[in-house]
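Have a look at the structure below before the remarks.
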Amino acid sequence: MSILVLEDLKKAFGDDLDNDQITEISVNKPLEYFIAMKGTRDMIKKENPNLTYALLKRLAEGIATETNQTISEAQPLLSAQIASPQHEGLFFRIQFVRDPAVTGGSIGLSIRKPSILSLPFSAYEEVLNSVEPFAKITAKDQELFDLYEARNFHEFIRKAVGYEKNIIISAGTGSGKTTFFNSIIHDCIPLGERLITIEDAKELRPPHENTLQLYYSRGGQGKAKVDAQSLMEACLRLYPKRILLGEIRGAEAFTYLNLISSGHGGSIATLHANDPLNAIERLTLMVLMAGTTLTSDQVKSFVKQSVDIIVQLGRTETGGYGCSAIYFKAYEDFKNEKTHFSSVA
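The structure is reproduced here in structure tokens:
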């Protein structure tokens, strides 16, 4: 790491850069950043008047130069590894996002610090011996089953969001998807969580302090050579608690399904579809059209395994907003298993 880059990192983050109890540093806008500490759930906000837009821009350009890359309006994403100033042979993993993929005057940055912890296998004895046997139906799922069967769907959705289920909000145009989405963000997602939103227009309005909002231009018409898919791939290095996708439209469907099925639970997205089954068919078609060696049945199975809940919205006969159906994967699986065993018996 060059002396200039190290000096700028120190100016931006001070002693937090060298603190081995800190695992991640995230910047959503100038003058403040968030740190993740070992053993804590939510990130902690810090303020630094030295963390200006000019300093962040200089850092991004310096690290781009050091790693033989470019960051600009046309190429607003930068992923890099730089040597840890403390620990030889270890590296910081870094992701920058600049405008127009973020709001002008902001630069997003995440730094994942290397783990130096080394434990013998014997240290895991208590942890492993306290594990409950794997149960397909968890206590949380059972609670959701009970709410679902009681048709208490308002509490069902609230609990499902809290339990980090992956949710698709499905509807036609003008059916209130965004309004419903924002109500979930405001009232159901804990305020301490780190959120990343991906949209082509600013419609989602999270009140959460630790939020990074990313933007792409539909049809590649903007200056930036980024689309929803490339922003989702960058999300892997921005370390969100939840990913909120404004709308699934095409090739990004496969990337999104991969994300939510590999440790990014609690994600929410919208989709244009007529009913939950049509939503599954549309997601399947989007993946197939993007190009894959999987068969249609394999893709459909992957979709069903990845998406936990589909909420179908629509207009009522009087013109108001309504909900016509809610699909709950675990409930459908449980019903199908009971039917299967009954037929075998």
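The numbering used here puts the first residue of the sequence shown at 4, with every later residue one more than the last.
Virtual Cβ for every residue (Gly too), placed ideally from N, Cα, C.
In this text the structure is predicted, and so the values were computed from the model without any measurement.
| Item | Value |
| --- | --- |
| In this structure, how does DSSP classify G92 when only helix, strand and coil are distinguished? | coil |
| Give me the residue from L54, A104, L247 and L286 with the minimum Cα distance to K168. | L247 |
| Measure the alpha-carbon distance for D21 versus L54 and round it to whole angstroms. | 17 Å |
| The beta strand (DSSP E) that contains K32, what's its start and end? | I25 to K32 |
| Quick check on the DSSP output: the beta strand (DSSP E) that includes G65 runs from which residue to which? | No beta strand (DSSP E) contains G65, which is instead part of the alpha helix (DSSP H) from Y56 to E69. |
| Pair every Cβ in the stretch 184-202 with every Cβ in the stretch 291-298, then say whether three or more of these pairs are closer than 8 Å. | no |
| Assuming F94 and I85 form a contact by the criterion Cβ under 8 Å, report the distance between their Cβ atoms to the nearest whole angstrom. | 6 Å |
| So, at 7 Å on beta carbons, what are the nonlocal neighbours of K303 in its own chain, with the 5 sequence-adjacent residues on each side left out? | I283 and T287 |
| Helix, strand or coil for K14? Go by DSSP, reduced to three states. | helix |
| Hey, quick one: how far does the alpha helix (DSSP H) through G111 stretch, first residue to last? | It is not in any alpha helix (DSSP H) - G111 instead sits in the beta strand (DSSP E) that spans I110 to R115. |
| Straight-line CA distance for I192 to V164? | 7 Å |
| Which partner residues of M40 appear in the DSSP bridge assignment? | I25 |
| Using CA coordinates, which residue listed in Y36, A57 and S121 is at the minimum distance from I47? | Y36 |
| To the nearest angstrom, how far is the alpha carbon of H90 from that of A57? | 28 Å |
| Give me the residue from Q72, N277, S233 and Y242 with the minimum Cα distance to R221. | S233 |
| Just how far apart, CA to CA, sit G322 and N51? | 50 Å |
| I'd like to know whether the C-beta atoms of T176 and E206 end up nearer to each other than 8 Å. | no |
| Candidates K228, G325, S309 and V130: which alpha carbon is nearest Y218's? | K228 |
| Whole angstroms is fine: what's the gap from L215's alpha carbon to Y242's? | 11 Å |
| My parser needs the alpha helix (DSSP H) runs of 4 or more residues fully inside the stretch 178-212; what are they? | 180-191 |
| Specify the secondary structure class of S345 as computed by DSSP and reduced to three states. | Confidence at S345 is low in this model, with a pLDDT of 36, below 50, so the placement of that residue should be treated as unreliable; the coordinate-derived value is given next. If DSSP states are grouped into helix, strand and coil, S345 belongs with the helices. |
| Sorted by chain position, which residues of the same chain lie with C-beta nearer than 8 Å to D11's C-beta, five sequence neighbours on each side aside? | L58, R61, L62 and G65 |
| Indicate whether the contact test is met: 3 or more Cβ pairs, each with one atom in the stretch 271-282 and one in the stretch 103-119, closer than 8 Å. | no |
| For I271 and G179, I'd like the C-alpha separation in whole angstroms. | 15 Å |
| So what does Y218 bridge to, in DSSP terms? | E202 |
| Where does G107 sit, in a helix, a strand or coil, going by DSSP? | coil |
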